[in-house]
Amino acid sequence: MVLRISASSRVIRAEVLDPTAFAPFGEVIQNPATHSDTPNLRRMEANQGSATKWLDVTKMRDWYGLGQSRKPAEVAMNMFVCKPRQLEKKDGRDVFPVRILERHPFTPQTFLPLGIDKAAGTCYLVIVAPTLPLRSRKSSEETLEPAYPVPPPRRKRSLRERLLGARPNLFTNDFSPSTTPAEPTSSGPRPKGPGLPDLQNIRAFIARGDQAITYGAGTWHAPMVVLGERAIDFVVVQYMNGMAIEDCQEVDLGAESDGDGLAVDVDGPIGQGTARARL
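Counting in UniProt numbering, the sequence shown runs without a single skipped number right up to 279 at its last residue.
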């Protein structure tokens, strides 16, 4: 079931993709030798000195242990052939209407474009949103079934447990080990959480052909949007366990009654129009 939420009528401006601006949502993969804005990465020589190896350019972590099914996930590598999207005109400018957002609750997702030069007349638009705090399990968010898991409240420890550090009493045999499932062993940034997308702080970035991106686990984002003259082949890497609701969750963005809904301006100084050469 896809949840439908209302989006106010407004147009946001696309930004040029750079790692610092995109950091709250994931990682930008690009050659540090040709992109001065790349965060510091470790490097080493490889292939008998004929190659430079940059270490840990992105992080793929499996968080499916947090899912309700506890079904293990495997790495999936798929190819998406994404055609250019149809744009609309608003006040004489090219805009892309945002009608749907999705997230992959327990896995990062990396998009690797193939065969697109940075100077080509094709680029792609990355649309992302922060995650709102979960208000209540009695709210409309329950319609994302089964609900994205929320850690159970911590049980208040008894005085005895606090004094013993929750360890077995050496003089009795009445200690019972915890039945709480163990947390996944993945480290690093945790999934974004169970809340709905924050549409007031949605952002959009235009990526060149020599840039790849990784959405952080649970990051709300639009399906891939290709701009320009030709399709882009993307190799997409993520974890999947075959449980549809755990692999992907979606919300439809419906326009409020008096507006056109949410759109991204891809024209002008940083978008598809006059500054294509700058990208």
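Yeah, the Cβ is synthetic: ideal placement off N, Cα and C, and Gly gets one too.
Only a predicted model underlies this, so the values are computations on that prediction, with no experimental measurement involved.
Stretch-stretch touch, CB-based, cutoff 8 Å, three pairs: the segment 221-238 with the segment 34-49: Cβ pair count under 8 Å is below three, so no.
So, M44 versus K53, is the Cβ gap smaller than 7 Å? Position 44 of the sequence shown, counted from the start, is the residue given in the question as residue 44. Position 53 of the sequence shown, counted from the start, is the residue given in the question as residue 53. M44 places its beta carbon less than 7 Å from that of K53.
Quick check: what's the CA-CA separation for K71 versus Y239? Against the sequence shown, residue 71 aligns to sequence position 71. Against the sequence shown, residue 239 aligns to sequence position 239. Roughly 12 Å separates the two Cα atoms.
Quick one: residues in its chain with C-beta nearer than 7 Å to the C-beta of I116, no 5 flanking neighbours on either side, listed in chain order? As a position in the sequence shown, residue 116 is number 116, starting the count at 1. Counting only Cβ-Cβ distances below 7 Å, and skipping sequence neighbours, we find T122, G209, I232.
What's the C-alpha gap between E15 and R203? The residue labelled residue 15 in the question sits at position 15 within the sequence shown. The residue labelled residue 203 in the question sits at position 203 within the sequence shown. Answer to the nearest angstrom: the Cα atoms are 8 Å apart.
Inter-residue CB distance, L198 and A129 (contact presumed, cutoff 8 Å): To locate residue 198, count along the sequence shown from 1; it is residue 198. To locate residue 129, count along the sequence shown from 1; it is residue 129. Reading the sequence as shown, one finds Asp at residue 198 and not Leu. Rounded, the Cβ-Cβ distance is 6 Å, consistent with contact.
Should the segment 105-114 be called in touch with the segment 205-220, which here means at least 3 C-beta pairs below 8 Å? Yes, since at least three Cβ pairs between the segment 105-114 and the segment 205-220 fall closer than 8 Å, the two stretches touch.
Between which residues of its own chain and T219 is the CB-CB distance below 7 Å, once the five residues before and five after are set aside? Taking the sequence shown and counting its residues from 1, the one referred to as residue 219 is at position 219. If the five residues before and after T219 are omitted, its C-beta is found closer than 7 Å to the C-beta atoms of F25, G26, R103, V128, K192, all from its own chain and listed in chain order.
Whole-angstrom Cβ separation of V11 and V251, contact assumed at under 8 Å? Indexing the sequence shown from 1 puts residue 11 at position 11. Indexing the sequence shown from 1 puts residue 251 at position 251. About 20 Å separates the CB atoms of V11 and V251; that is not less than 8 Å, and the two are not in contact.
Which residue's Cα is closest to the Cα of Q200: Y124, L262, Q249? For the purposes of this step, residue 200 is taken as residue 200 along the sequence shown, with counting starting at 1. It is L262 whose Cα lies nearest to the Cα of Q200.
Check T180 in the structure and name its three-state DSSP category. On the sequence shown, position 180 is the one that residue 180 refers to. Reliability of the predicted coordinates at T180 is poor, the pLDDT of 45 falling under 50, and the value obtained from them is presented with this limitation in mind. In the structure shown, T180 sits in coil (DSSP, three-state: anything other than H, G, I, E or B).
Taking 7 Å as the cut-off, decide whether the C-beta atoms of V98 and A207 are in contact. Indexing the sequence shown from 1 puts residue 98 at position 98. Indexing the sequence shown from 1 puts residue 207 at position 207. If you check the CB distance, V98 and A207 do not come in under 7 Å.
Leaving aside the five residues before and after P32 along the sequence, list all residues of the same chain whose C-beta is less than 7 Å from its C-beta, in chain order. Here residue 32 refers to the residue found at position 32 when the sequence shown is read from its first residue. Contacts found: T38, L41, W54.
CA-CA distance, L75 and V237? Position 75 of the sequence shown, counting from 1, holds the residue named residue 75. Position 237 of the sequence shown, counting from 1, holds the residue named residue 237. According to the sequence provided, residue 75 is Val. The question's Leu does not apply to it. Taking the straight line from one Cα to the other gives about 7 Å.
F96 to A23, Cα distance in whole Å? For the purposes of this step, residue 96 is identified with residue 96 of the sequence shown, where counting begins at 1. For the purposes of this step, residue 23 is identified with residue 23 of the sequence shown, where counting begins at 1. Here the C-alpha atom of F96 lies approximately 23 Å from the C-alpha atom of A23.
Under 7 Å, do G195 and L134 count as touching if we go by C-beta distance? Here residue 195 is taken as the residue at index 195 of the sequence shown, counted from 1. Here residue 134 is taken as the residue at index 134 of the sequence shown, counted from 1. Contact check for G195 against L134 passes: the beta carbons are separated by less than 7 Å.
Please look up how many angstroms separate the CB atoms of F80 and F234, rounded, as I've assumed it's under 8 Å. By 1-based counting over the sequence shown, the position of residue 80 is 80. By 1-based counting over the sequence shown, the position of residue 234 is 234. Correct: roughly 5 Å between the Cβ atoms.
What's the call for S140, buried or exposed, on a 16-neighbour Cβ count within 10 Å? Within the sequence shown, the letter at position 140 stands for residue 140. Annotation note: pLDDT 46 at S140 (below 50); position unreliable, coordinate value reported separately. Flag for S140 reads exposed.
Distance, Cα to Cα, Q249 vs N47? Position 249 of the sequence shown, counting from 1, holds the residue named residue 249. Position 47 of the sequence shown, counting from 1, holds the residue named residue 47. If you draw a straight line from the Cα of Q249 to the Cα of N47, it comes to about 42 Å.
Go through its chain and collect everything with a Cβ distance to M77's Cβ below 8 Å, but skip five positions before and after it. In the sequence shown, counting from the first residue as 1, residue 77 sits at position 77. Sequence-distant Cβ neighbours of M77 in its own chain, meaning closer than 8 Å and more than five residues away, are V235, V236, V237.
Are the Cβ atoms of D267 and R85 separated by less than 7 Å? Translated into the one-based positions of the sequence shown, residue 267 becomes position 267. Translated into the one-based positions of the sequence shown, residue 85 becomes position 85. No.
As a quick exercise: from K89, Q30, M224, pick the residue whose alpha carbon is nearest that of K83. Counting from one through the sequence shown, the residue named residue 83 turns up at place 83. Closest option to K83, judged by alpha-carbon separation, among K89, Q30, M224: M224.
Quick check on this structure: which residue in Y64, L253, L159, R162 has the alpha carbon closest to the alpha carbon of G242? Here residue 242 corresponds to residue number 242 of the sequence shown, with the count starting at 1. When only C-alpha atoms are compared, the closest one is Y64.
Own chain partners of S176 with C-beta closer than 8 Å, once the 5 adjacent residues on each side are dropped: Position 176 of the sequence shown, counting from 1, holds the residue named residue 176. Summary for S176: the model assigns pLDDT 44, below 50, so the residue's position carries little reliability; its value from the coordinates is reported in the next sentence. The beta carbon of S176 sits closer than 8 Å to no other beta carbon from its chain once the five residues preceding and following it are set aside.
Would you mind sorting D91 into buried or exposed? The rule is 16 or more other CB atoms within 10 Å of its CB. Your numbering for residue 91 matches position 91 in the sequence shown. Under a 10 Å Cβ-count criterion, D91 is classified as exposed, with fewer than 16 other Cβ atoms of the shown protein chains found around its own Cβ.
A51 classed as buried or exposed, judged by whether at least 16 other C-beta atoms fall within 10 angstroms: Position 51 of the sequence shown, counted from the first residue, corresponds to residue 51. By the 16-neighbour rule on beta-carbons within 10 angstroms, A51 is exposed.
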